[in-house]
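First comes the structure, then the notes that go with it.
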Amino acid sequence: MRVLHHPILGDETRKIDATIIVDGRKIPAIEGEPIAATLLSAGIKKFRETQKNHKPRGIFCAIGRCTDCVMTVDGIPNVRTCVTPVKDGMIISTQKGLGEWGGKK
Amino acid sequence: MKTTDIAVIGAGPAGLSCAVEAAKSGARVTVLDENLKPGGQLFKQIHKFFGSREHRAGIRGFRIGQQLLEATERLDVQVLLDAAVYGIYEDRLIAYITDGRDHTIKAKKIVLATGASENALAFPGCTLPGVMGAGAAQTMINVNRVLPGKKIIMVGSGNVGLIVSYQLMQAGADVVALIEAAPKIGGYGVHAGKIRRAGVPIYTSTTIKEVLGEEKVEGVITASLDEKWQHIEDTEKRFEADTVCLAVGLSPLTELAWMAGCEFTFIPPLGGHVPIHDRNMESTLTGVYIAGDITGVEEASSAMEEGRLAGVACAESLGYYNEKQALALKNEIWDRLDALRTGPFGEGRFTAKLKQLEARRQLA
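Here the protein sequences line up with chains A and B, keeping their order. Once you know that position 31 of the first sequence is 31 in this note's numbering, the rest is easy, because the numbers rise by one and skip nothing. Once you know that position 266 of the second sequence is 371 in this note's numbering, the rest is easy, because the numbers rise by one and skip nothing.
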């Protein structure tokens, strides 16, 4: 959910100007915001599954340190979504385990 | 190969303050930061800072960030972004990666201002999506303007837990409860009062027993703690929540200091292992200085003062200030730093920092 009105920051002035495709689903986005922010705005919290036990993981640190939020972005696995800016048309998939180059599952 | 007088690693409050102070003396300063935007964690601080006027009290953190960035531009400080420093070699050679390519820069002085990262906490369910750092949630609401969830449980009643709880409410979330393992609230009374008046219950001597959910957080079970920090039976409470924020301290990001060969000392109130430094903020390696949370976790105001101190000291050792000029500037900064480390909340940090300086004297 986006924060459109804020007592200190004022109203949101940026416009939705991009679309990313997450596991085949179109998600409206703001170009340049972190991928993780777009996903949260759409209520998506699970970003990947662990290698051995297939446990879900999402955002933890949001500053590019912990790597819990990595996903496969445009065929490149292990991209830190909390520090990677959105570009229109990005194709993103929930990463399984260590991921695969080329975005295959 | 690129060269510079002073290379500052980290463009947060400490690094930028250091760069500005050093550049004022006429030194050539280059700041490197792995992020795409400078400012570190200042831009998520939308609250007014504490302290006196000299500490810019009453000004919101993100405005301080803007002022620092304007000063770096005015003073011609070079700020290299998307520059992840991965190595510091002999003779102060710095290796970093930008846009996937290797670069090096050689500096006469290096200032490590790498900051800190949030601590995790272990409990059943702690890895579920929806359990995150309080600072992470703060980034999401205040910088990216998205809510991580609607019903939040905050863990930890230090200033981070208290302030971020309030800011989550400002962003439109419901903070269901704030829990604290210690018997009393850790942060300032004024912050605790604000969230209490807003109707958030604060449970002390309470911890998380378990976070429920399969794919994401769906609920939280808390339990009371006795004086030995053990669960008291039959004190469980169940809360409906979709997000758990952990405000349980930070740890200094010391990797580069370890790699460079700085000597460390162990001071738990500062966040654990911290590099030893002297009153010039110089580490045990000649020409390698440290400033901000890497020297021990405090807050942005003291990080900025430490940055300035390192900036003046670097400028002095490069001959941009004479001893007298530098001493006058350093004394002013030390007075402000000491003032930040007073009172019931600052005193513990004052004592801890003395211990750190004492470790330096013992080495000498």
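Even for Gly, the Cβ is constructed at its ideal location relative to N, Cα and C.
Output, in sequence order along the chain, the residues in the segment 337-364 of chain B whose CB is closer than 7 Å to any CB in chain A.
-> For the segment 337-364 of chain B, which is checked against every Cβ of chain A, not one residue is closer than 7 Å.
Short check: CB of H382 of chain B to CB of I372 of chain B, under 8 Å?
-> Against the second sequence, residue 382 of chain B aligns to sequence position 277. Against the second sequence, residue 372 of chain B aligns to sequence position 267. Their beta carbons are not under 8 Å apart, which means H382 of chain B does not touch I372 of chain B by this criterion.
K55 of chain A versus chain D: which residues are under 8 Å apart at the beta carbon?
-> The structure shown has no chain D; the protein chains it does contain are A and B.
Buried versus exposed call for M237 of chain B [16 or more other C-beta atoms within 10 Å across all chains shown] | Counting from one through the second sequence, the residue named residue 237 of chain B turns up at place 132. M237 of chain B should be labelled buried.
Identify each residue in the segment 232-255 of chain B for which the Cβ-Cβ distance to at least one residue of chain A is less than 9 Å, and report them in chain order.
-> T232, L233, P234, G235, V236, M237, G238, G240, A241, A242, Q243, T244, M245, I246, N247, V248, N249, R250, V251, L252, P253, G254 and K255
Could you name the residues of the segment 272-303 of chain B whose beta carbon sits closer than 8 Å to any beta carbon of chain A, in the order they occur along the chain?
-> Q275, A276 and G277
So with Cβ pairs under 8 Å, would you call S222 of chain B a contact of chain A?
-> For the purposes of this step, residue 222 of chain B is taken as the residue at position 117 of the second sequence. Yes, its Cβ sits closer than 8 Å to a Cβ of chain A.
Could you tell me which residues DSSP puts in a beta bridge with P380 of chain B?
-> Residue mapping note: residue 380 of chain B aligns to position 275 of the second sequence, counting from 1. BP columns for P380 of chain B point to B:F369.
Chain B residues whose Cβ lies nearer than 7 Å to that of E33 of chain A | Residue numbering aside, residue 33 of chain A sits at position 33 when the first sequence is read from its first letter. N249, listed in chain order.
Contact with chain B by L98 of chain A, beta-carbon distance below 8 Å = As a working mapping, residue 98 of chain A is identified with position 98 in the first sequence. With 8 Å as the cut-off, L98 of chain A does not count as an interface residue toward chain B.
Starting from P77 of chain A and walking both ways along the beta strand (DSSP E), at which residues does that stretch end?
-> For the purposes of this step, residue 77 of chain A is identified with residue 77 of the first sequence, where counting begins at 1. I76 to R80 is the span of the beta strand (DSSP E), which, as asked, contains P77 of chain A.
Which residues DSSP lists as bridging M259 of chain B, in chain order | Position 154 of the second sequence, counted from the first residue, corresponds to residue 259 of chain B. Partner(s): B:L283 and B:C350.
CB-CB length for L423 of chain B against K211 of chain B, believed under 8 Å | Taking the second sequence and counting its residues from 1, the one referred to as residue 423 of chain B is at position 318. Taking the second sequence and counting its residues from 1, the one referred to as residue 211 of chain B is at position 106. That belief does not hold up - the Cβ atoms of L423 of chain B and K211 of chain B are roughly 14 Å apart, past 8 Å.
Per DSSP, G324 of chain B forms a beta bridge with which residues?
-> Locating residue 324 of chain B in the second sequence gives position 219, counting from the first residue. G324 of chain B is bridged to B:L317 and B:E345.
Own chain residues within Cβ distance below 6 Å of S41 of chain A, not counting five before or after = Residue mapping note: residue 41 of chain A aligns to position 41 of the first sequence, counting from 1. Cβ within range, chain order: R2.
Would you please verify whether the beta carbon of S93 of chain A is less than 8 Å from any beta carbon of chain B?
-> As a working note, residue 93 of chain A is residue 93 in the first sequence. For S93 of chain A, the answer is no, since every Cβ of chain B falls outside 8 Å of its Cβ.
Is the CB of K321 of chain B under 8 Å away from at least one CB in chain A?
-> Locating residue 321 of chain B in the second sequence gives position 216, counting from the first residue. At least one chain A Cβ lies under 8 Å of K321 of chain B.
Between the Cα of A242 of chain B and those of B:F228, B:L267, B:T400 and B:Y308, spot the shortest distance and give me the residue it belongs to.
-> Residue numbering aside, residue 242 of chain B sits at position 137 when the second sequence is read from its first letter. Closest option to A242 of chain B, Cα to Cα, is B:L267.
Range of the contiguous alpha helix (DSSP H) that encloses L180 of chain B | In the second sequence, the residue the question calls residue 180 of chain B occupies position 75. Taken as a continuous stretch (DSSP letters only), L180 of chain B belongs to no alpha helix (DSSP H), as it is neither H nor E.
For the alpha helix (DSSP H) that contains Y425 of chain B, what are its first and last residues?
-> For the purposes of this step, residue 425 of chain B is identified with residue 320 of the second sequence, where counting begins at 1. If you look at Y425 of chain B, you'll find it isn't in any alpha helix (DSSP H); DSSP assigns it neither H nor E.
Does the distance from the CB of A124 of chain B to the CB of V182 of chain B come in under 8 Å?
-> As a working note, residue 124 of chain B is residue 19 in the second sequence. As a working note, residue 182 of chain B is residue 77 in the second sequence. Closer than 8 Å, so yes.
N- and C-terminal bounds of the alpha helix (DSSP H) containing H208 of chain B = Numbered from 1 along the second sequence, position 103 holds the residue referred to as residue 208 of chain B. Not the alpha helix (DSSP H): H208 of chain B falls in the beta strand (DSSP E), residues R206 to L217.
Per DSSP, R165 of chain B is paired with what?
-> Sequence index remark: in the second sequence, residue 165 of chain B carries index 60 (1-based). B:K153.
What is the rounded straight-line gap between the Cα of T400 of chain B and the Cα of E319 of chain B?
-> Taking the first residue of the second sequence as 1, we reach residue 400 of chain B at position 295. Taking the first residue of the second sequence as 1, we reach residue 319 of chain B at position 214. Rounded to whole angstroms, T400 of chain B to E319 of chain B spans 39 Å at the Cα level.
For the segment 125-149 of chain B, enumerate the residues whose C-beta is nearer than 8 Å to any C-beta of chain A, in chain order.
-> E139, N140, L141 and Q146
Y394 of chain B bridges to which residues according to DSSP?
-> Locating residue 394 of chain B in the second sequence gives position 289, where the first residue counts as 1. Note: Y394 of chain B sits in a beta bridge opposite B:V216 and B:E387.
Straight-line gap, G235 of chain B to G277 of chain B (C-alpha atoms, nearest Å) | If you number the second sequence from 1, residue 235 of chain B lands on position 130. If you number the second sequence from 1, residue 277 of chain B lands on position 172. Each residue's Cα considered, the two are about 17 Å apart.
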